[in-house]
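J.: Before anything else, here's the structure in question.
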Amino acid sequence: MTEQPHKIRVVVAKPGLDGHDRGAKVIARALRDSGMEVIYTGLRQTPKQIVHTVIQEDADCLCVSILSGAHNHLFPEIMKLLRENEVSDVLVLGGGIIPPEDVPGLKQIGVSEIFGPGTATFDTVRYIREHVQPRA
Amino acid sequence: MDPELLARFERGDRRALARLITHVEDGTPQGRAALRSLYRATGKARSIGITGPPGAGKSTLVDQLAAAFRKDGLKLAIICVDPSSPFTGGAILADRVRMKHLQEDPDVFIRSMASRGALGGLSRTTGAVLKVLDAFGFDVILIETVGVGQGEVEVVREAETCLVIEVPGLGDGIQAIKAGILEIGHAFVVNKADNPGADRVSEQILTMLSLNPNPPEWQPPVVQTVATRGTGIDELARQVRAHWAHLDAKSLRHRHLGQRRVADLSDILKARALGSASQRVLARPDFTELRRQVELGQIDPYEAADRLLPFDGPDEWRLP
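Protein chains in written order, with numbering that gives the first Met the number 0: chain H, 0 to 135; chain A, 0 to 319.
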């Protein structure tokens with residue numbers, strides 16, 4: 000067993016009821032092509048399922064895509080469950096359809112950044128590389 | 000190094016388990032030290048391998064089979080392996096998509112692994128991660144391989160019960176007599192059995208099994224399932240339990256564990272031999288020059304190897 004450089008592991012999750020996962024798949028693919036290991040959860044996940052996945056997969060980053068308008072309900076729930084489980088070292092990012100006026104509130108509860116439509120995938124990749132907590 | 004990690008693991012902290020698996024996958028000093036101290040606590044969990052071609056329904060079957068074992072009150076871990084890109088090293092690990100029944104269950108732990116360049120259907124550290132989960136105290140560990148073709152049989156070394164998943168419509172009776180993956184099944188599953196041709200596939204497998212020149216003590220059953228609807232799952236779970244009873248009655252479990260330990264020793268020795276030989280070669284001042292001469296075709300690779308690493312083993316072990 001020789002030591003390998005740590006691979007960044009990213010959970011790409013789709014909570015709630017919207018079934019539009021094109022964006023999530025594009026992000027998953029872009030992260031894959033940049034050499035990351037992407038755990039894709041599939042559609043209609045509950046916040047509890049997502050947090051279990053983040054814990055079990057020991058993810059460095061959680062990307063949540065929401066297009067249903069329920070972001071002000073789902074993000075607080077996810078952040079609360081992460082806190083309750085003492086998960087403090089995971090970078091949380093959001094994507095999908097999130098109105099600019101809602102972004103400050105989401106950042107306040109711990110979402111690091113929101114990447115809306117039109118973001119170059121390269122920018123998301125670079126942001127993750129620069130902001131995940133380094134592993135010892 | 001996190002000095003608390005192993006203690007938290009031993010107290011049953013699942014975040015510590017998850018972090019330790021990462022250390023083992025990455026081969027960090029902490030991961031290596033932990034494996035060493037956990038090794039003797041392994042050998043208690045049942046291990047089930049699930050293998051078959053991409054899209055055959057492995058993940059869906061794992062989901063259903065795990066739900067069946069949960070009814071028996073067993074604590075379960077699932078390792079699912081998906082391929083890494085040979086070009087970027089990245090991977091999409093998406094077996095969880097089919098495992099929705101299990102994701103809120105506190106007695107189920109699912110971990111996705113990328114194959115990271117290994118070609119046998121598992122990753123190089125899958126066996127080690129299995130040991131970590133075993134030491135943590137899971138009763139049953141299911142290992143889902145990468146979607147495989149014919150020759151990726153590594154799972155049979157790690158799992159004491161191997162399920163080979165087939166589906167109708169892939170090949171004829173010639174495929175059924177080929178060597179490889181069809182030799183490792185302790186049970187065969189013909190999934191998507193509501194599609195035409197399922198009976199034919201079952202027949203071909205049964206014929207193949209009946210031609211075995213040394214009929215084994217355990218006759219692998221063939222089970223038809225429609226995993227998306229849960230059809231045939233109870234029968235499959237029953238056959239797996241029957242195989243466990245067979246392993247226990249014949250002390251085969253003991254033998255399998257012994258073989259696994261010896262295989263681990265062999266792997267450790269190989270890795271060490273490779274490590275020290277590599278170090279010797281890389282330390283030689285003429286390494287770069289000889290490699291360049293090989294590249295240009297000025298000397299042959301055997302000649303260069305003789306100079307870089309004179310072989311001191313017996314002659315019959317010398318590769319050409």
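Beta carbons: idealized from backbone N, C-alpha and C, even for Gly.
If you run the structure through DSSP and keep just helix, strand and coil, what is Ala69(H)?
T.: In the three-state DSSP reduction, Ala69(H) falls in the coil class, being neither helix nor strand.
J.: Alpha helix (DSSP H) containing Ile127(H): first to last residue?
T.: 120-130
J.: Just the Cα atoms here: how many angstroms apart are Glu157(A) and Thr124(A)?
T.: 11 Å
J.: To the nearest angstrom, how far is the alpha carbon of Thr41(A) from that of Arg260(A)?
T.: 10 Å
J.: So, with DSSP's three-state summary, where would you put Val10(H)?
T.: Strand at Val10(H).
J.: Could you tell me whether the Cβ of Gly42(A) comes closer than 8 Å to any Cβ of chain H?
T.: no
J.: Can you tell me where the alpha helix (DSSP H) with Phe137(A) in it begins and where it stops?
T.: That residue, Phe137(A), is in no alpha helix (DSSP H); it is neither H nor E in DSSP.
J.: Is the Cβ of Glu103(A) closer than 8 Å to any Cβ of chain H?
T.: yes
J.: Can you tell me the Cα-Cα spacing of Gly116(A) and Pro99(H), whole angstroms?
T.: Distance between the alpha carbons of Gly116(A) and Pro99(H) is about 42 Å.
J.: If Arg97(A) sits next to Thr59(A), beta carbons under 8 Å apart, how far is it from one beta carbon to the other, in whole angstroms?
T.: 5 Å
J.: Between the alpha carbons of Ala134(A) and Gln132(H), how many angstroms are there, rounded?
T.: 28 Å
J.: Give me, in chain order, the residues of the same chain whose beta-carbon lies closer than 8 Å to that of Arg134(H); leave out the 5 immediate sequence neighbours on both sides.
T.: His5, Asp59
J.: Out of Gly179(A), Gly170(A), Gln102(A), Asp94(A), which one is the CA nearest neighbour of Ile142(A)?
T.: The residue with the shortest Cα to Cα distance from Ile142(A) is Asp94(A).
J.: For Leu90(H), I'd like the list of residues in its chain whose CB is within less than 6 Å of its CB, leaving aside the five on either flank, ordered along the chain.
T.: Within the same chain, Leu90(H) has close Cβ partners Cys60, Ser111, His130, Val131.
J.: If we call anything under 8 Å between Cβ atoms a contact, is Gly15(H) one with Leu73(H)?
T.: Yes, they are a contact pair.
J.: Would you kindly report the start and end of the unbroken beta strand (DSSP E) that includes Asp62(A)?
T.: Segment 57-70 is the alpha helix (DSSP H) holding Asp62(A); no beta strand (DSSP E) there.
J.: With a 10 Å radius around its C-beta and 16 neighbouring C-beta atoms as the bar for buried, classify Thr206(A) as buried or exposed.
T.: Burial call: exposed.
J.: Between Ala303(A) and Gln292(A), which are expected to be in contact by the criterion C-beta below 8 Å, what is the C-beta distance as a whole number of angstroms?
T.: Between Gln292(A) and Ala303(A) the Cβ distance is about 7 Å, and since that is below 8 Å, they are a contact.
J.: Got a sec: is the Cβ-Cβ distance from Arg14(A) to anything in chain H below 8 Å?
T.: yes
J.: Compile a chain-ordered list of the residues in the segment 31-42 of chain H whose CB is closer than 9 Å to at least one CB of chain A.
T.: Arg31, Asp32, Ser33, Gly34, Met35, Glu36, Val37, Ile38, Tyr39, Thr40, Gly41, Leu42
J.: Determine, for Ala23(H), whether the minimum Cβ-Cβ distance to residues of chain A falls below 8 Å.
T.: So no, Ala23(H) is outside the interface.
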